[in-house]
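Report on the structure given below.
Residue numbers (the numbering used here): 129 to 179.
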């Protein structure tokens with residue numbers, strides 16, 4: 129079963145938003161999917177660095 133999603137509202141810099149849109153399009157993902165992917169990878173790297 130897929131994990132439940134929560135809606136959140138964040139404020140990000142316009143240049144960051146535009147770059148994320150481009151990167152998401154390149155991977156054929158939605159903006160939201162791409163942000164989730166990036167955050168998951170960041171969390172995994174952070175947790176691995178703590179070990």
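Glycine included, C-beta positions come from ideal geometry on N, C-alpha and C.
I'd like the list of long-range same chain contacts for residue i, defined as Cβ closer than 8 Å, with 5 residues on each side in sequence excluded.
i           : result
residue 157 : 165
residue 161 : 152
If you reduce the DSSP assignment to three classes, tell me which class residue i lands in.
i           : result
residue 157 : coil
residue 166 : helix
residue 171 : helix
residue 149 : helix
residue 144 : helix
Take residue i as the anchor and find which of the options has the nearest alpha-carbon.
i           : options       : result
residue 149 : 163, 131, 129 : 163
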